Amino acid sequence: MTVRVLVADDQDIVRAGLCMILDAQPGITVVGEAADGRQAIALARALRPDVCLLDIRMPDVDGIEATRQLAGPDVVDPMAVVVITTFDLDEYVYGALKAGARGFLLKDAGADLLAQAVHAAARGDALIAPNITARLLSSFATSRARPVPPEPVEPLTAREEQVLLAAARGRTNSEIGDELAISLSTVKTHIAALMRKLHARNRVEIVMWAYETRRVEL
């Protein structure tokens, strides 16, 4: 199945480059382009793409607000959003993930990683790059000004804790299975249980919770 993507970036050259890269990937086609967040929201609602690739810094309506309106907790039929940024220490990334984004990349991530992120978002997963995402989540989530969230009403099992930590360190489901010597289907079962217990909408929110509760320190 071909993944339909909407690309939003206020820089014409960057947007054109992203579209060219994505259109060249097997199983991906760009169905729309937007130069700002307001246009991205309108196009996304009209075209219903499988994935929206949004720049964080855009005029008028930025990527965070666009993400919130397309994928936020109050959205009845949320879309898959991946945010991109120029700086790997962008203070807005945490807000974008909280707003509902399934992951984010640097603009110079390369064609392979960009395609992986798009496909991951389309299938309901998320690309968690340990060298970028984990560091950012750790930095913001462990801030003294940010309260530690409560433990779930239904406690996590020992195995769920292991899967949670592995996911927070950027491991894929296959890598988690190999690391813990369990099947891929079992890993998926544990991920689903974590989402249910933590009231998380996706894998990103599971990882964020791991950092917010100080389970992972870098």
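If you read the sequence shown in the numbering used here, its first letter stands for residue 40, the second for the next number, and so on. Note that the Cβ used here is the ideal one computed from N, Cα and C, for glycine as well. These numbers were taken from a predicted model, which means no experiment stands behind them.
- Query: For the segment 242–257 against the segment 148–156, are there 3 or more C-beta pairs whose distance is under 8 Å?
  - Reply: The segment 242–257 vs the segment 148–156: no contact.
- Task: Can you say whether glutamate 190 is buried or exposed, counting buried as having 16 or more other CB atoms within 10 angstroms of its CB?
- Result: By the neighbour-count rule (16 or more Cβ atoms within 10 Å), glutamate 190 is not buried but exposed.
- Item | Continuous beta strand (DSSP E) assignments of at least 3 residues falling wholly in the segment 107–144 | As far as the segment 107–144 is concerned, its whole beta strand (DSSP E) runs of at least 3 residues are 119–124.
- Item | Any alpha helix (DSSP H) of 4 or more consecutive residues that is wholly inside the segment 51–108 | Whole alpha helix (DSSP H) segments, 4+ residues: 51–62, 76–86.
- Item | Three-state secondary structure (DSSP) of valine 192 | In the three-state reduction of the DSSP assignment, valine 192 falls in the coil class, being assigned neither a helical nor a strand state.
- Message: Using a Cβ distance threshold of 8 Å, determine whether the segment 47–56 contacts the segment 81–99, with at least three qualifying pairs required.
- Response: Because the criterion of three Cβ pairs below 8 Å is met, the segment 47–56 and the segment 81–99 touch.
- For arginine 235, the three-state DSSP class (helix, strand or coil): Correct three-state label for arginine 235: helix.
- Item | Reference lysine 236; option with closest CA among Thr225, Val192, Ala148, Glu104 | Here the closest residue by C-alpha is Val192.
- Query: How about alanine 105 and alanine 81: do their beta carbons lie closer than 7 Å?
  - Reply: No, they are not a contact pair.
- At which residues does the alpha helix (DSSP H) containing valine 246 begin and terminate? In this chain, the alpha helix (DSSP H) harbouring valine 246 covers 242–251.
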